[in-house]
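This report refers to the structure that appears directly beneath it.
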Amino acid sequence: MPGRAGRRVGGFTPSEDGGFHMSGNATHRFGNTAVLAVQTADASVVISSDALDDVLADTYQRVGLRRGLLERLAGVQERRWWADGVTFVDGAAMAGAKAISESGVDPAGIGVMINTSVSRRYLEPSTAVAVHHALGLPRSCQNFDVTNACLGFVNGMELAAAMIDSGQADHALIVNGEDARPVQERTVDRLNRPDTVSRDVLSQFATLTLGSGAVAMILGRADRHPEGHRLVGSVSRAGTEHHELCVGDNDMMRTDLKGLLDAGLRLSEDLWADAAQEFDWARRMSRYIVHQVSKVHTKAICDLFSIDPSLVPTTFPTRGNLGPASVPFTLAGEQDVLLEGDRVLLMGIGSGLNASCLEIAW
């Protein structure tokens, strides 16, 4: 491409040999990947915030806190648990089967399956192998876990798209299943101990906002699927100096609520400013699908970026924080009202801290 070396085209810089190089490690434009289907599997047992308040009533009274914190401060009215005998792996497999069916893709043609769940039963093997087996995917389908707190699903989309764009896979399945029940039951038991103080309740408060659910997405080559919704580009930023603000395992999650919110907003603001060099996300977007944390977080994001709240659908009031599933789960709820040509921005963030925004041309 003589005479064009160094001139930027979109997110790429043409080189002397006629190829295209990325303009930055964390800024990417996708070439040939589209969303073909996104489907959910709902956990069936509804747990209201009033019910959690009831079992914590004595603790609240003893430490001087008012009941209603979950709904009043976080805006979470209820969340869901899986029924007895149903696991988060079952949920991920159910969502995966629905997504495969909707896409019309032959399972034999799925080249990679990525599980992005925070929830896990074992350190090894991966959770992906259980979902792969449950779905009866072919031996030729690579499968592995990608975990990055609540950002995992968006990262899984980016990785799968890179594999599709490079020709390593024709179709990809990304799954996520989350189970909030074990850690919430253990948290309630712990907070009801007589030595609990208000600081303990507040540091473990975010645990009680979590929810259970599952989601799956099929990605494929856009040139073979004109009906699909093209991935446009993404920008990511890391703020790992904040990696101790929210830490958790299967027994407990402790969160510095204000510290995490403040640091997350600062990181998001930096990402937004950097993204403006390549993308016009501050205007003309049809939907902003933000990570579902709470009404405080959602309002703060809308205020920070001057986003019209009517363009920000929410699922946290009835599903809680579904972790990595929250962004695609919310997207799935909007797909029937999105129109061809709409622009959708997925806005993910995960404790650690890491943040990514990814645009889809619907």
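Using our numbering, read the sequence shown as starting at 6 and increasing by one per residue.
For each residue, glycine too, the CB sits at the ideal point set by N, CA and C.
- Message: I'd like the span of the beta strand (DSSP E) that includes Thr38, first residue to last.
- Response: On the sequence shown, residue 38 is found 33 positions in, with the first residue counted as 1. Unbroken beta strand (DSSP E) run through Thr38: Thr38 to Asp47.
- Query: Got a sec: does the ligand ZN put a non-hydrogen atom nearer than 6 Å to the Cβ of Ala100?
  - Reply: In the structure on display, the ligand ZN does not appear, and there are no ligands present to speak of.
- Query: In three-state DSSP terms, what is Arg286?
  - Reply: By 1-based counting over the sequence shown, the position of residue 286 is 281. The sequence shown places Trp at residue 286, rather than the Arg named in the question. Of the three classes helix, strand and coil, the one that applies to Trp286 here is coil, per DSSP.
- Task: Compute the distance between the beta-carbons of Leu164 and Ile223, then report whether it is under 7 Å.
- Result: Taking the sequence shown and counting its residues from 1, one reaches residue 164 at position 159. Taking the sequence shown and counting its residues from 1, one reaches residue 223 at position 218. No.
- Message: Just verifying my parser: in three-state terms, what is the DSSP assignment at Met257?
- Response: Translated into positions along the sequence shown, residue 257 becomes position 252. Note: Met257 maps to coil in three-state DSSP.
- Query: What residues are listed by DSSP as bridge partners for Gly149?
  - Reply: Within the sequence shown, the letter at position 144 stands for residue 149. In the sequence under discussion, the amino acid at residue 149 is Phe, which differs from the Gly named in the question. In the DSSP output, where bridge partners are listed per residue, Phe149 has Ile119.
- Query: Is the segment 184 to 199 touching the segment 210 to 224 in the sense that three or more CB pairs, one from each, lie closer than 8 Å?
  - Reply: yes
- CA-CA distance, His247 and Gly355? Looking up residue 247 in the sequence shown gives position 242. Looking up residue 355 in the sequence shown gives position 350. Spanning the two alpha carbons is a distance of roughly 11 Å.
- Among residues of its own chain, excluding the 5 on either side of Asn255, which ones have a beta-carbon nearer than 7 Å to its beta-carbon? If you number the sequence shown from 1, residue 255 lands on position 250. Pro187 and Val188, listed in sequence order.
- Item | Contact set for Gly96: own chain, Cβ-Cβ below 6 Å, skip 5 residues either direction | As a first step, residue 96 must be located in the sequence shown, where it is residue number 91. Closer than 6 Å at the Cβ level, and outside the excluded window around Gly96, lie Ala46, Gly182 and Ala219.
- Message: Measuring straight from C-alpha to C-alpha, what distance separates Asp285 and Leu270?
- Response: What you label residue 285 is simply residue 280 of the sequence shown in a count that begins at 1. What you label residue 270 is simply residue 265 of the sequence shown in a count that begins at 1. Distance between the alpha carbons of Asp285 and Leu270: 19 Å.
- Should Tyr127 go down as buried or exposed, given a rule of 16 or more other Cβ atoms within 10 Å for buried? Start at 1 with the first residue of the sequence shown, and residue 127 comes out as number 122. Under this definition Tyr127 is an exposed residue.
- Message: Give me the residue from Ala337, Leu74, Ala280 and Val151 with the minimum Cα distance to Arg242.
- Response: The sequence position of residue 242 within the sequence shown is 237, counting from 1. Minimum Cα distance to Arg242 is reached at Ala280.
- Pull up the distance between the alpha-carbon of Ala337 and that of Val349, whole angstroms please. As a position in the sequence shown, residue 337 is number 332, starting the count at 1. As a position in the sequence shown, residue 349 is number 344, starting the count at 1. Going by the C-alpha atoms only, they are around 12 Å apart.
- Task: Kindly identify the DSSP beta-bridge partner or partners of His33.
- Result: Your numbering for residue 33 matches position 28 in the sequence shown. DSSP lists Ser239 as partners of His33.
- According to DSSP, is Asn197 helix, strand or coil? Walking along the sequence shown from the start, residue 197 turns up at place 192. The answer is coil: DSSP assigns Asn197 none of H, G, I, E or B.
- Taking the alpha-carbon positions, what's the Val202 to Thr132 distance? Position 197 of the sequence shown, counting from 1, holds the residue named residue 202. Position 127 of the sequence shown, counting from 1, holds the residue named residue 132. Computed Cα separation, rounded: 36 Å.
- Item | Under 7 Å between C-beta atoms of Ala4 and Leu276 | The requested residue 4 does not occur in the structure, where the chain is confined to residues 6 to 367.
- Asn197 to Lys300, Cα distance in whole Å? Mapped onto the sequence shown, residue 197 falls at position 192. Mapped onto the sequence shown, residue 300 falls at position 295. Using only the alpha carbons, I get a separation of about 26 Å.
- Message: Rounded to the nearest angstrom, what separates Leu351 and Ala366 at their Cα positions?
- Response: Your numbering for residue 351 matches position 346 in the sequence shown. Your numbering for residue 366 matches position 361 in the sequence shown. Going by the C-alpha atoms only, they are around 11 Å apart.
- Could you give the C-beta distance for Ala98 and Gln44, rounded to a whole number, given that I count them as a contact under 8 Å? Here residue 98 is taken as the residue at index 93 of the sequence shown, counted from 1. Here residue 44 is taken as the residue at index 39 of the sequence shown, counted from 1. So it is not a contact: roughly 12 Å between Cβ atoms.
- By Cβ distance, which residues of its chain are closer than 8 Å to Val136, with the 5 residues on each side in sequence left out? Here residue 136 is taken as the residue at index 131 of the sequence shown, counted from 1. Excluding residues within five positions, the ones whose Cβ falls inside 8 Å are Val94, Ala97, Ala98, Gly101, Met118, Asn120, Asn148, Val180 and Gly182.
- Helix, strand or coil at Ala185 [DSSP, three-state]: Here the question's residue 185 lines up with position 180 in the sequence shown. Three-state result, Ala185: coil.
- Task: Could you tell me whether the segment 292 to 299 touches the segment 323 to 338, using the rule of 3 or more Cβ pairs below 8 Å?
- Result: yes
- Message: Is it buried or exposed, His138, if we count other Cβ atoms within 10 angstroms and call 16 or more buried?
- Response: On the sequence shown, residue 138 is found 133 positions in, with the first residue counted as 1. His138 comes out exposed.
- 6 Å Cβ shell around Ile312 - same chain, five flanking residues per side excluded: Along the sequence shown, read from residue 1 onward, the residue named residue 312 stands at position 307. Only Tyr293 meet the Cβ criterion.
- Item | Candidates Leu207, Gly325 and Ala278, of which the one nearest Ser54 by Cα | Working through the sequence shown from its first residue, we reach residue 54 at position 49. Nearest option by C-alpha distance: Gly325.
- Message: On the criterion of 16 or more Cβ atoms from any shown chain inside 10 Å, does Thr245 qualify as buried, or is it exposed?
- Response: Working through the sequence shown from its first residue, we reach residue 245 at position 240. Exposed, by the Cβ-count rule.
- Query: Over what stretch of residues does the beta strand (DSSP E) that includes Trp87 continue unbroken?
  - Reply: Here residue 87 refers to the residue found at position 82 of the sequence shown. Segment: none, Trp87 is in no beta strand (DSSP E) and carries neither H nor E.
- Is Leu316 helix, strand or coil when you go by DSSP? Here residue 316 refers to the residue found at position 311 of the sequence shown. Helix, per DSSP.
- Task: Output yes or no for whether 7 Å exceeds the beta carbon distance between Ser208 and Arg259.
- Result: Counted from its first residue, the sequence shown places residue 208 at position 203. Counted from its first residue, the sequence shown places residue 259 at position 254. Cβ distance < 7 Å, so Ser208 and Arg259 count as in contact.
- Spatially closest choice to Thr192 from Lys103, His176, Val134 and Phe210, by CA coordinates: The count along the sequence shown starts at 1 and reaches residue 192 at position 187. Nearest of Lys103, His176, Val134 and Phe210 to Thr192, Cα basis: Phe210.
- Would you kindly report the start and end of the unbroken beta strand (DSSP E) that includes Asn2? Because residue 2 is not part of the residues shown, which for the chain are 6 to 367, the question remains open.
- Message: Can you tell me whether Phe304 is buried or exposed? The criterion is at least 16 other CB atoms within 10 Å of its CB, across all chains shown.
- Response: Translated into positions along the sequence shown, residue 304 becomes position 299. A small correction: the amino acid at residue 304 is Lys; Phe does not occupy that position in the sequence shown. Burial call: exposed.
- Query: Can you tell me where the alpha helix (DSSP H) with Gly157 in it begins and where it stops?
  - Reply: The sequence position of residue 157 within the sequence shown is 152, counting from 1. Its alpha helix (DSSP H) spans residues Gly157 to Ser171.
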